[in-house]
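Trainee: There's a structure below that I have some questions on.
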Amino acid sequence: MSQGVFISKYVQHRQGAAALEYCYKMLAEGVKPDLSAYSWALRACASLKTIEYGRELHSQVIEDSYHMTAMVGGSLIYMYSRYGFLNEACKVFSYISDRNVIAWGVMMTEYIQHGCWFEVFELYKCMQKQSIIPDRVIFLSLLKACSSLKAIREGRLLHYNIIVAVLDLDLAIGSTLVDMYSKFGSLDEAQGIFDRMPVKNIVPWNALMAGYVQNGNGFITLYLHERMQQEGFRPSKATFLCIARACGTVKSLRLAKQTHAILLENGAALIATLGNSLLDMYAKCGSTDNARKIFDQLTIRDDVSWSAMIAGYVHNGYYSSAFQLFMLKAKHGIEADAFLFSIMLKACGSIQRIDHGKVLHDEVRKNGLEFDVVVGNALIDMYCKCGCLTDAREVFNNLPKPSEVSWGAMISGYALHGDGVSALEVFDKMLYEGIIPSTSILPSVVKACGVMKSLDCGHQVYDIHVRSESNLDFVIGNALVDMYIKCESLEEAHKVFDSLPTRDVVSWSTIIAGYVQNGQGIPALQLYIRSQKEGVTPDRVLILCALKASGSVGSAEMGKILHDRIIRGNLETDLAIGNTLLDMYTKCRCLDEAIDVFDKLADKNVVSWNAMIAGLAQHGLCTCAIDCFGNMLCEDIEPDSWTFSGLLSACSEGALIKEGYLFFKSMKEYYNITPDVEHYNCLIDVFGRAGEIKEAKKVLKSMPALPDITTWMSMLTASRIYGYVDLGVKCFDEVAQLEPDAAAVYALLSHMYADFNLLQDAWNVQELKKCSSAWKKPGKAYIEIGDSVKEFTVGEKTDGEIDQQSRLLARHLRGQGYFPSLDLMFESTETELGSSSPQ
1 MSQGVFISKY VQHRQGAAAL EYCYKMLAEG VKPDLSAYSW ALRACASLKT
51 IEYGRELHSQ VIEDSYHMTA MVGGSLIYMY SRYGFLNEAC KVFSYISDRN
101 VIAWGVMMTE YIQHGCWFEV FELYKCMQKQ SIIPDRVIFL SLLKACSSLK
151 AIREGRLLHY NIIVAVLDLD LAIGSTLVDM YSKFGSLDEA QGIFDRMPVK
201 NIVPWNALMA GYVQNGNGFI TLYLHERMQQ EGFRPSKATF LCIARACGTV
251 KSLRLAKQTH AILLENGAAL IATLGNSLLD MYAKCGSTDN ARKIFDQLTI
301 RDDVSWSAMI AGYVHNGYYS SAFQLFMLKA KHGIEADAFL FSIMLKACGS
351 IQRIDHGKVL HDEVRKNGLE FDVVVGNALI DMYCKCGCLT DAREVFNNLP
401 KPSEVSWGAM ISGYALHGDG VSALEVFDKM LYEGIIPSTS ILPSVVKACG
451 VMKSLDCGHQ VYDIHVRSES NLDFVIGNAL VDMYIKCESL EEAHKVFDSL
501 PTRDVVSWST IIAGYVQNGQ GIPALQLYIR SQKEGVTPDR VLILCALKAS
551 GSVGSAEMGK ILHDRIIRGN LETDLAIGNT LLDMYTKCRC LDEAIDVFDK
601 LADKNVVSWN AMIAGLAQHG LCTCAIDCFG NMLCEDIEPD SWTFSGLLSA
651 CSEGALIKEG YLFFKSMKEY YNITPDVEHY NCLIDVFGRA GEIKEAKKVL
701 KSMPALPDIT TWMSMLTASR IYGYVDLGVK CFDEVAQLEP DAAAVYALLS
751 HMYADFNLLQ DAWNVQELKK CSSAWKKPGK AYIEIGDSVK EFTVGEKTDG
801 EIDQQSRLLA RHLRGQGYFP SLDLMFESTE TELGSSSPQ
């Protein structure tokens, strides 16, 4: 038996000390070890606790001139690498005179073992210059380096070289290629290689499943697991890790329990090693109780165990449990790391507990983590959510190198609290620093543009996104639509909406809400109908928008269709929907339906009662509105400012002077509600309509704030009705100062003059109106026919049949003895009769 074979037996049986003793015995007896003996002896040194024996043997190898050979050199590289002396290993490699492919492979393997991925590529470049053809070992090392560095281009080039080298797609190369492409996210390529592998074991199955679950495809991972079992492969620990993650990804508690049961069948040892994964799986499936059971059963709880359980509580909204467990961890003397601090700060932000957040911030400082970018980002987010923007900015400014997430958190915080100026200032600074914003940041920037009503900035963000992405991302698209709506640019909003490659329910809700807010109910309803034709399932927000649109144009038919959708969607118990439905029916003058909805509301809040009171007042049922208020008080519902607006409107409609005054007086005395301008205007209207002009003037003088245009218009209307011409002229002057182009006030004053046959004065008002460029927006009327609503505008002559019907109606009225007063038709008489004077 040769020397090397004898020593190798010791090494293979993990008896390094015995192997080394045999080598030294040979040297003591004057027997010179051969290359094989030295090679195995050096490998034996790698298994010992100290490197000193290895260094002694290295000296002996140099003395015997064997160190420059590939065989002994490879063993020296292996030994030094095992002790972490990579520089020594590199020196040995450089001394090898006959470096063959095996020596290159050994050096690369050791670099891989120590995570020196860039050095692997540098070595490969040197190897190519020396025309060394790589073997399987080298290709495997390079593929692993590509996986770790996410070097997609280099990985694909290596794959091509493997094909050119006509290397078989064996288990090692096939599995490594599947793993590499999976880590690249190129799952189609990974799947293709997997399918072409002639022979498979558990390794490629696990690599492919890991790839799918890492890319969020939990269902495919579970399918592969089922297929793997059908083909007779027994799952390993790595398989169960993938399955646990997949169950968490798809949030299936049923599958999670099945996985747990399989693990129990495979033994308690497997449970112990996979405890943290099981815990995380249950937490992601929303079952914190099961997760806590696993946590409590763990014999050894490491940092991962504590962090996973606390994170599970936070993600599922059990913040108090998260804080309790965090305190328990501290009592056990286990320090929190950056990840755990970030999770706890997220909890503080979610429930806006700034006191807890500041305590955690102090702990972060004590642990020297204040400048950690992950913790810093969590602090910024927490302070922003708690409304402490100054503290958030201080943390941001102190970060040595803010990440893109840091910039995004700061911009988002400012935008959230309506500080568009600061948000855009941070965004400009970010661009100045050369950071290209990703799609995750741009929605917050767009929101800030909307707050500022800055169309130019919005266009700039749009251009940045279009330059970086071929298609308009629907999240940014939705934000742009909302921004253009806030900037009152509906046409631009609709253009962006139509350009979206995909539209979700948020897209539809945003554009429909925009039209409703701008008083365009017809286009809003048309968009809703279009959304239904495109197969969009409406959520509560979209239904709320459509209900408001129906109410704005008085479309009871569409309202009833929506009501049916609400019933079928089990949304009747949603209070916001119930209140909006009630408001819609009152605006459509469907009082019976409104009362029915109101009676069926299980939980009525002040909004519900306000809507019912306002609806009754609009229908002239003033005493019913007051009775409704009494019922509201009996239900212990506290009235608010809107309640009294509805009550005062009811009193105005019914000329209930005494009741109106008492309601107004009770606001401050009994309910501690300070009347605003709207309430004073309502009370002035109550007195004015009843002819109590002196009382109305007293209320006017007692107003704590300056009267607005509504105040003076109410007084002017009362002056016209009851003949107070001088007061009417004063009211006109006040309105003209506040809003010179308000056409309605000119009409009111001219009609008042005409009522008292002061036609020249009336004509002068009309001339003044023209000089002031006061233009009255044409009135609109809506008529519902079947399931559609028709819109008509004053002065519109687009339909000959409508014009003909109008003339027939006018003839019928004259036949009944009604003749319009031409004195009041200043503009029309001038046009139709060719007159240039009031006569």
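With full-length UniProt numbering, the residue at position 141 of the sequence shown is 141, and numbering never jumps.
All residues carry an ideal CB built from backbone N, CA and C; glycine is no exception.
Owing to the predicted nature of the structure, the values given are computational and were not obtained by experimental measurement.
Please report the residue range of the alpha helix (DSSP H) in which Phe629 lies.
Mentor: Mapped onto the sequence shown, residue 629 falls at position 629. Where Phe629 is concerned, the enclosing alpha helix (DSSP H) stretches over 622 to 634.
Trainee: Span of the alpha helix (DSSP H) holding Ala655?
Mentor: Residue numbering aside, residue 655 sits at position 655 when the sequence shown is read from its first letter. Element bounds for Ala655: n/a, residue is neither H nor E.
Trainee: Please identify the residue among Ser47, Glu29, Leu547, Met715 whose C-alpha is closest to the C-alpha of Val11.
Mentor: Your numbering for residue 11 matches position 11 in the sequence shown. Among Ser47, Glu29, Leu547, Met715, the Cα nearest to that of Val11 belongs to Ser47.
Trainee: Looking only at its own chain, which residues have a Cβ that is under 7 Å from the Cβ of Gly408, when we skip the five neighbours before and after it?
Mentor: Against the sequence shown, residue 408 aligns to sequence position 408. Ser440, Ile441, Ser444.
Trainee: Once DSSP output is grouped into helix, strand and coil, what is the label at Val5?
Mentor: For the purposes of this step, residue 5 is taken as residue 5 along the sequence shown, with counting starting at 1. In the structure shown, Val5 sits in a helix (DSSP, three-state: H, G or I).
Trainee: Residues in its own chain within less than 7 Å of Gly521 by CB, not counting five upstream and five downstream?
Mentor: For the purposes of this step, residue 521 is identified with residue 521 of the sequence shown, where counting begins at 1. Only Ala549, Ser552, Val553 meet the Cβ criterion.
Trainee: Is it true that the CB of Ile637 sits closer than 9 Å to the CB of Lys665?
Mentor: Here residue 665 refers to the residue found at position 665 when the sequence shown is read from its first residue. Here residue 637 refers to the residue found at position 637 when the sequence shown is read from its first residue. For Lys665 and Ile637, no; Cβs fall outside 9 Å.
Trainee: Pairing CB atoms from the segment 242 to 255 with CB atoms from the segment 207 to 218, are three or more of them under 8 Å?
Mentor: yes
Trainee: What residue does the alpha helix (DSSP H) around Gly232 start on, and which one ends it?
Mentor: On the sequence shown, position 232 is the one that residue 232 refers to. Careful: Gly232 lies outside any alpha helix (DSSP H) and carries neither H nor E.
Trainee: Output the distance between the C-alpha atoms of Ala762 and Glu678, rounded to the nearest integer angstrom.
Mentor: Taking the sequence shown and counting its residues from 1, the one referred to as residue 762 is at position 762. Taking the sequence shown and counting its residues from 1, the one referred to as residue 678 is at position 678. Going by the C-alpha atoms only, they are around 30 Å apart.
Trainee: For Glu488, count neighbouring Cβ atoms within 10 angstroms of its own Cβ and tell me buried if that reaches 16, exposed if not.
Mentor: Start at 1 with the first residue of the sequence shown, and residue 488 comes out as number 488. Under this definition Glu488 is an exposed residue.
Trainee: For Asp168, which residues in the same chain have their Cβ closer than 6 Å to its Cβ, ignoring the five residues on either side in sequence?
Mentor: Residue numbering aside, residue 168 sits at position 168 when the sequence shown is read from its first letter. The answer is none, since no qualifying residue turns up.
Trainee: In chain order, what residues of the same chain lie with their CB nearer than 8 Å to the CB of Thr537, ignoring the 5 residues before and after it?
Mentor: As a first step, residue 537 is located in the sequence shown; it is residue number 537 there, counting from the start. Sequence-distant Cβ neighbours of Thr537 in its own chain, meaning closer than 8 Å and more than five residues away, are Val505.
Trainee: Just tell me which of Leu656, Cys285, Ser305, Gln229 has its CA closest to the CA of Ile334.
Mentor: Sequence index remark: in the sequence shown, residue 334 carries index 334 (1-based). It is Ser305 whose Cα lies nearest to the Cα of Ile334.
Trainee: If you reduce the DSSP assignment to three classes, tell me which class Asp391 lands in.
Mentor: Taking the sequence shown and counting its residues from 1, the one referred to as residue 391 is at position 391. In this structure, Asp391 counts as helix in the three-state DSSP scheme.
Trainee: Quick one: what does DSSP say Gly368 is sitting in, helix, strand or coil?
Mentor: As a working mapping, residue 368 is identified with position 368 in the sequence shown. For Gly368, the three-state secondary structure derived from DSSP is coil.
Trainee: Count the C-beta pairs between the segment 737 to 756 and the segment 710 to 729 that are closer than 8 Å, then say yes if the count reaches three, no if not.
Mentor: yes
Trainee: Would you mind sorting Pro704 into buried or exposed? The rule is 16 or more other CB atoms within 10 Å of its CB.
Mentor: Looking up residue 704 in the sequence shown gives position 704. Counting Cβ neighbours within 10 Å, Pro704 comes out exposed, since fewer than 16 surround it.
Trainee: Going by C-alpha distance, which of Leu700, Lys694, Asp640, Leu656 is nearest Ile673?
Mentor: Here residue 673 is taken as the residue at index 673 of the sequence shown, counted from 1. Looking at the Cα atoms, Asp640 is the closest of the given residues.
Trainee: Spatial neighbours of Ala322 within its chain, please: CB distance less than 6 Å, with the 5 preceding and 5 following residues excluded, ordered by chain position.
Mentor: Here the question's residue 322 lines up with position 322 in the sequence shown. Result list for Ala322: Ile310, Tyr313, Val314, Ala347, in chain order.
Trainee: Going by DSSP, what residue range makes up the alpha helix (DSSP H) through Phe121?
Mentor: Within the sequence shown, residue 121 is the residue found at index 121, counting from 1. Looking at the DSSP string, the run of the alpha helix (DSSP H) that includes Phe121 is 117 to 129.
Trainee: So what's Ser835 in DSSP terms, helix, strand or just coil?
Mentor: Position 835 of the sequence shown holds residue 835. Confidence is the limiting factor: at Ser835 the pLDDT is only 37, short of 50, which leaves the residue's position unreliable and the question unanswerable from this model.
Trainee: Count the other CB atoms within 10 Å of the CB of Glu110; is the residue buried (16 or more) or exposed (fewer)?
Mentor: Counting from 1 along the sequence shown, the entry for residue 110 is found at position 110. Counting the other CB atoms within 10 Å of its CB gives Glu110 a total of 16 or more, which places it among the buried residues.
Trainee: I need the boundaries of the alpha helix (DSSP H) containing Pro538, first residue and last residue.
Mentor: Locating residue 538 in the sequence shown gives position 538, where the first residue counts as 1. Where Pro538 is concerned, there is no enclosing alpha helix (DSSP H), given that its DSSP letter is neither H nor E.
Trainee: Looking only at its chain, what residues have a beta carbon closer than 6 Å to the beta carbon of Met483, apart from the 5 residues adjacent to it on each side?
Mentor: Locating residue 483 in the sequence shown gives position 483, where the first residue counts as 1. If we look at Met483 and ignore the five residues flanking it on each side, its Cβ neighbours are Val446, Cys449, Gly450, Gly458.
Trainee: Beta-carbon separation of Leu224 and Leu208 under 9 Å?
Mentor: Position 224 of the sequence shown, counting from 1, holds the residue named residue 224. Position 208 of the sequence shown, counting from 1, holds the residue named residue 208. In this structure, Leu224 sits near Leu208, with a CB-CB distance shorter than 9 Å.
Trainee: Rounded to whole angstroms, what's the CA-CA distance from Val5 to Ser36? Just pull it up for me.
Mentor: Mapped onto the sequence shown, residue 5 falls at position 5. Mapped onto the sequence shown, residue 36 falls at position 36. If you draw a straight line from the Cα of Val5 to the Cα of Ser36, it is about 8 Å long.
Trainee: For Pro400 versus Phe371, is the C-beta spacing smaller than 9 Å?
Mentor: Residue mapping note: residue 400 aligns to position 400 of the sequence shown, counting from 1. Residue mapping note: residue 371 aligns to position 371 of the sequence shown, counting from 1. Result yes, Cβ atoms of Pro400 and Phe371 sit closer than 9 Å.
Trainee: Can you give me the Cβ contacts of Ala655 inside the same chain, cut-off strictly under 7 Å, excluding the 5 residues immediately before and after it?
Mentor: Locating residue 655 in the sequence shown gives position 655, counting from the first residue. Non-local C-beta neighbours of Ala655 in its own chain, meaning closer than 7 Å and more than five positions away in sequence, comprise Arg689, Ala690, ordered along the chain.
Trainee: Is the beta carbon of Glu492 sitting closer than 9 Å to the one on Leu527?
Mentor: Counting from one through the sequence shown, the residue named residue 492 turns up at place 492. Counting from one through the sequence shown, the residue named residue 527 turns up at place 527. Not closer than 9 Å, so no.
Trainee: Can you say whether Asp391 is buried or exposed, counting buried as having 16 or more other CB atoms within 10 angstroms of its CB?
Mentor: What you label residue 391 is simply residue 391 of the sequence shown in a count that begins at 1. Its Cβ being crowded by 16 or more others within 10 Å, Asp391 is buried.
Trainee: Whose C-alpha, out of Asp741, Ile577, Asp599, Trp712, is nearest the C-alpha of Lys769?
Mentor: In the sequence shown, the residue the question calls residue 769 occupies position 769. Measuring from the Cα of Lys769, the nearest candidate turns out to be Asp741.
Trainee: So for Met197, helix, strand or coil by DSSP?
Mentor: Residue mapping note: residue 197 aligns to position 197 of the sequence shown, counting from 1. In this structure, Met197 counts as coil in the three-state DSSP scheme.
Trainee: How many Å lie between Phe339 and Val374 at the Cα?
Mentor: Looking up residue 339 in the sequence shown gives position 339. Looking up residue 374 in the sequence shown gives position 374. In a straight line, the C-alpha of Phe339 is about 8 Å away from that of Val374.
Trainee: Return yes when the Cβ of Pro707 is within less than 9 Å of the Cβ of Glu734, no when it is not.
Mentor: Numbered from its first residue, the sequence shown carries residue 734 at position 734. Numbered from its first residue, the sequence shown carries residue 707 at position 707. Between Glu734 and Pro707, the CB-CB gap stays under 9 Å.
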